[in-house]
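Residue 474 in the UniProt record's numbering is what sits at position 474 of the sequence shown, and the numbering runs on without skipping anything.
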Amino acid sequence: MKFGKEGRGGGETLDLGSLGLAVALVRRKEKEKEKEKEKKMESSESAEEEGIGDSLELLCTLLDSEIPSVTNLKGKWSLVRLKLTLLRTHLTDFSADFPSASAVNPLSLDLLRSISHTLHHALSLARTCQPQTLPNGKLKTQSDLDSLLATLHRHVSDCDILFRSGLLLQNSNPSSKREATRSASRNLITRLQMGSPDSKSSAMDSLLALLHQDDKNVTISVAQGVVPLLVRLLDSPSQMKEKTVAAISRVSTVESARTLLLAEGLLLLNHLLRVLDSGSAFAVENACVALQALTSTRDNARAIGSRGGISSLLHICQAGTPGAQASAASVLRNLAAFSETRDNFAEENAVAVLLGLASSGTAAARESAVGCLSNLISEEDEGSSNLRVNVVKEGGVECLKNYWDSGVPLPSLEVAAEMLRHLAWSGAVGEVLVSEGLVQRVVGVMSCEVLAVRVSAARAVHALGMNSNKARKEMGEMGCVSCLIKMLDGKGVEEKEASAMALSVLLMHPGNRRVFRKDERGVVSAVHLLNPSLQGLDKSYPVSLLTSLVHSKSCRKQMVAAGASVYTQKLLEMDVPGAKKLADSLGRGRIWGVFARP
């Protein structure tokens, strides 16, 4: 049957008979492909069965006739016999389990070929030891036997690993991409435990490629048990060790995998610290990346400090590659957050090294160096106070100014504002900061779009204003009060608290109180912060802020209208500092009319 179809160039005719023939041909080709695939699998299975059979025959020959006939080095041959007996048990298990396997695994074929080669070599060696005189000499023959024993031991171990891996029974046609990744990672983990050093190195290359494809691949590989294996492989020769450190580094960048790295404890930590002292630039950089994930706990920080790790990291900050410097500074920043390590930093003259890196390193290195200095001086104890003085003596204020003015990305100014805040806790240092123009810089970022920078800047304002009336006056004249009033209505509790914190200090200056009263939003926004339903905010700051304004009749009216009286009663029950004084002032509002307002 034919159907005509008109086109612009004339008629076309579709022959349904021809179409049916074409479909039949396609189906036939598909069937041929299926048969060819089945033949290949059968060929592989046949090759494996044949390999097992040949190896078992060789084992029988060696154990039953050849080894009993040797006349030289019988002690070593008794050890060879023991290994061959274990190997025969494994090969028998291979033969028994093979029919239940869903597909032939390439690892088993490679292993069987290697075993067959070793057994042929053993047969030849046994025959050289049968005559009274050794043709190759005793020392050479002993060396060959030792090599044979090592190879047989590896084969026995590889057989055991392959059986325990479950690869012989896994599905060769995974049903999903996730299952395919799981199968690939399990295969690579097994390959990393068996075979020659070259084959393990090749497997590590493949594992690194898999890990770098996707974070999900890291998660899957970790679930398959890659982390303990990687830690064991850190005892490998240098080239393999470098690749292993790179794999651990990659795993450490995925947050869900870090818990398992931390669980490896001091064993992993000690390996990585040794890499810092003796590894290549590539290995050192990767070790630092891994250490960033491991220095989040106090115990690890203490361990690194007691093992000389801080000295090694500071040396990298001075002489390492740009990438290694940035990573090492990031590790030091984590370590400096724990008070237990600060003595180690002081002993190593860390301040000078960190200031040097903050002035001349890459953008990432500079940010981490400033962040590290900020953490070092973040406590109000004597040790941090001494470090603050040291930072100023070493040129820290000038370094901070240069960092602020160097055009770093806005988010990177968070660490600068934090460092400024911690320096300002020392009264004498605070005066230096004001005279050096740091007030102008911190006020300049109060209205920026980066929340973390605004919050850090507000906290720095609080610290600067605590000990310096001059700083309070200057910050008010620069428009700081208006910026902070806007922040009182910020979306996050952290921003609200930081602004109330800064205003509670700035409003100690009369001029700043006048500016605050002129802004209609100020009082109402501050009263809203008293609401007990607003969780996670220190109520003492808005209480202090409002107490400084309660003498003003207009402010007092605004407070009462906004619900301050109700809130303060609830805050009294919560024992919030200053709440009683504010409540009493609001209750005695009629009396204040006889006093002149400030």
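Cβ atoms here follow ideal geometry from the backbone N, Cα and C, with glycine treated the same way.
It should be emphasised that the depicted structure is a prediction, and the values quoted were computed from it without experimental measurement.
- For Asp215, the three-state secondary structure derived from DSSP is helix.
- Sequence-distant Cβ neighbours of Phe338 in its own chain, meaning closer than 8 Å and more than five residues away, are Arg298, Ala301, Arg302.
- In this structure, Arg88 places its C-beta atom within 8 Å of the C-beta atom of Leu59.
- Cα atoms of Ser504 and Asp235: separation of roughly 58 Å, rounded to the nearest angstrom.
- Under the three-state reduction of DSSP, Gln224 is assigned to coil, being neither helix nor strand.
- Annotated as proximal: Cys399 and Leu355, with beta-carbon spacing under 8 Å.
- For Cys129, the closest of Leu420, Ser55, Ser143 by C-alpha to C-alpha distance is Ser143.
- Take the alpha-carbon of Gln569 and the one of Phe516: they are about 25 Å apart.
- For Arg333, the closest alpha carbon among the candidates His462, Ala358, Ala502, Val560 is that of Ala358.
- Assigned with DSSP and collapsed to three states, Lys496 falls in helix.
- In the three-state scheme derived from DSSP, where H, G and I count as helix and E and B as strand, Ile248 is classed as helix.
- About 20 Å separates the CB atoms of Val481 and Leu451; that is not less than 8 Å, and the two are not in contact.
- Per DSSP, the continuous alpha helix (DSSP H) segment holding Val523 begins and ends at 520-528.
- Between the alpha carbons of His121 and Leu62 lies a distance of about 11 Å.
- Residue state for Asp575 is assigned as coil, using DSSP reduced to three classes.
- Going by beta carbons, Leu376 and Arg342 fall inside the 8 Å limit.
- Annotated as proximal: Val550 and Ser585, with beta-carbon spacing under 8 Å.
- Spatial neighbours of Val331 in its own chain (CB-CB distance under 6 Å, excluding positions within 5 residues in sequence) are listed in chain order as Cys288, Leu291, Gln292, Thr295, Leu313.
- Spanning the alpha carbons of Arg454 and Val245 requires a straight line of approximately 38 Å.
- A buried status is given to Asn286, since no fewer than 16 other beta-carbon atoms sit within 10 Å of its beta-carbon.
- His271 sits in a helix when the DSSP states are folded into three classes.
- Following the DSSP letters along the chain, one finds Asp405 inside the alpha helix (DSSP H) bounded by residues 396-405.
- In this model, Asp489 and Thr219 are separated by some 41 Å (Cα to Cα).
- Ranked by Cα distance from Asp110, the first of Thr133, His155, Leu79, Thr71 is His155.
- In this structure Ala579 touches Leu572 by the C-beta definition: roughly 5 Å separates them, less than 8 Å.
- Each of Glu380, Glu449, Lys76, Leu546 was checked against the Cα of Leu582, and the nearest Cα belongs to Leu546.
- Counting along the chain, no alpha helix (DSSP H) covers Met446, and no H or E run does either.
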